[in-house]
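Peer 1:
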Amino acid sequence: MLDPARSMFEEMLTGWERQQFSRGLAAETVSSTVGFMRRFGRWTGDYPWHWKPGDVEDFTSALLTMQPPRAHSTLRGYHQRIKTFCAYLIDPRYDWGRRCEEAFGTHPIQICHEWNTRTHLSEFEALPVKRPLSYDELEAFFSHADSLVETIITSGKKGALSALRDAQLFKTAYAFGLRRTEVAMLDLADLRSNPNSPQWAGYGVLHVRFGKSFKGGPPRRRSVLAVPEFGWAIEGLKQWVEQARPKFLAHQTNALWVTERKGRVSIRHLDNRFAAIRDGAGLDKNLTMHSLRHSYVTHLVEYGYPERFVQEQVGHSYASTTAIYTSVSNDYKNRILAAALARVYGPTPKGLPS
1 MLDPARSMFE EMLTGWERQQ FSRGLAAETV SSTVGFMRRF GRWTGDYPWH WKPGDVEDFT
61 SALLTMQPPR AHSTLRGYHQ RIKTFCAYLI DPRYDWGRRC EEAFGTHPIQ ICHEWNTRTH
121 LSEFEALPVK RPLSYDELEA FFSHADSLVE TIITSGKKGA LSALRDAQLF KTAYAFGLRR
181 TEVAMLDLAD LRSNPNSPQW AGYGVLHVRF GKSFKGGPPR RRSVLAVPEF GWAIEGLKQW
241 VEQARPKFLA HQTNALWVTE RKGRVSIRHL DNRFAAIRDG AGLDKNLTMH SLRHSYVTHL
301 VEYGYPERFV QEQVGHSYAS TTAIYTSVSN DYKNRILAAA LARVYGPTPK GLPS
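Residues in the sequence shown are numbered consecutively from 1, following UniProt numbering.
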């Protein structure tokens, strides 16, 4: 016979799962959220109708004692999941309170309140160590990625095509400011022409179909224009599509970044390969693949593109989101300062240091 308490908890999770799907949340999001609440239940060692606010506080304290401690944004996300699940349980439309009273003599309560949960304090909640790559770091990263291809070819071992694919994938992610899922889910049909940039033929526009969704909606789409400052990456993309990719016998799939098994590269693979190349190049371990997107925004601003254009390119709903990424480099600041000095004091005389 099933444990009545365990059976009730699983029924609660199943009902909450259905509710989230009904809201339009992505399957991955629902699975992650339900799995988290199951783990939270195991951590408390009790069932929802016995949970108390102190459980949230003890859970948070435990996470803060870990090395490294969980980030503010991570804790806020955990608190939001617990709060939402409790709100579902105490909603009279779902009748869990009455059922728990009849079966266990008590009922669920809301265990999250303003004094024991994290709030959204600022636009940008990432840790201070999260930053874009400098120009020198980008050069080191891509140079090392390219050298891996040459090393494999010279050694006569297998894997040169995969190394070439990964190197070009990261260059494309940077040159178009893409998130991990956006670049991984690209198909050949997403490469399009821009009549205003005929020099790039069928590579002037990249159609993103799996952009970040918003409040349970479907993935958002956008078209990202190739810009001349990243023309070198576009040439590499063309070579990948027309010369290297066919060697994977890739006619069996539409995926742009095809694997040896004719599948699509995974997010885990992207994270692992980025970390391996980063470490091989001797770069800061705090840099992640998202740092490439961060770099793209920063460099577009430095090149003088209007903020609205940058916002459209990267798919931000609000200009304030784009603004938090525009951490311009010292080179850019020095150029602006030099221009300001020239306006005020006139051009630097010849023969004097500038």
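The beta carbon of each residue, even a glycine, is placed where N, CA and C say it ideally should be. Keep in mind it's a predicted model, so treat the numbers as computed, not measured.
Can you check DSSP and say which residues form a bridge with residue 149?
Peer 2: DSSP lists no partner for residue 149.
Peer 1: Between residue 130 and the rest of its own chain, which residues show a CB-CB distance below 7 Å, the 5 nearest in sequence each way excluded?
Peer 2: Closer than 7 Å at the Cβ level, and outside the excluded window around residue 130, lie 286.
Peer 1: Based on DSSP bridge pairs, tell me the residues matched to residue 211.
Peer 2: Residue 211 is bridged to 220.
Peer 1: What do you get for residue 237, buried or exposed, if any count of 16 or more other CB atoms within 10 angstroms of its CB means buried?
Peer 2: By the 10 Å Cβ count, residue 237 comes out buried.
Peer 1: Count the other C-beta atoms from every protein chain shown that fall within 10 angstroms of the C-beta of residue 344, then say buried if there are 16 or more, exposed otherwise.
Peer 2: Exposed.
Peer 1: Assign residue 343 to one of three DSSP states: helix, strand, or coil.
Peer 2: Helix at residue 343.
Peer 1: How is the alpha helix (DSSP H) around residue 171 delimited, first residue to last?
Peer 2: Segment 160-176, the alpha helix (DSSP H) holding residue 171.
Peer 1: Rounded to the nearest angstrom, how far is the Cβ of residue 108 from that of residue 86, given a contact under 8 Å?
Peer 2: Sure, about 6 Å apart at Cβ, within 8 Å.
Peer 1: Is the beta carbon of residue 209 sitting closer than 8 Å to the one on residue 190?
Peer 2: A contact, by the Cβ cut-off of 8 Å.
Peer 1: Using 8 Å for Cβ pairs, my map puts residue 103 next to residue 4. What's the rounded Cβ distance?
Peer 2: Rounded, the Cβ-Cβ distance is 6 Å, consistent with contact.
Peer 1: Can you grab the Cα-Cα spacing for the pair residue 133 / residue 289, in whole Å?
Peer 2: Taking the straight line joining both Cα atoms gives about 10 Å.
Peer 1: What does the alpha-carbon distance come out to for the pair residue 278 and residue 184?
Peer 2: Each residue's alpha carbon lies about 19 Å from the other.
Peer 1: Might you give, ordered along the chain, the residues of its own chain that have their beta carbon closer than 6 Å to the beta carbon of residue 37, omitting 5 neighbours on each side?
Peer 2: 85.
Peer 1: Can you tell which of 41, 30, 66 has its C-alpha closest to the C-alpha of residue 356?
Peer 2: It is not possible to answer for residue 356, since the shown part of the chain is limited to 1 through 354.
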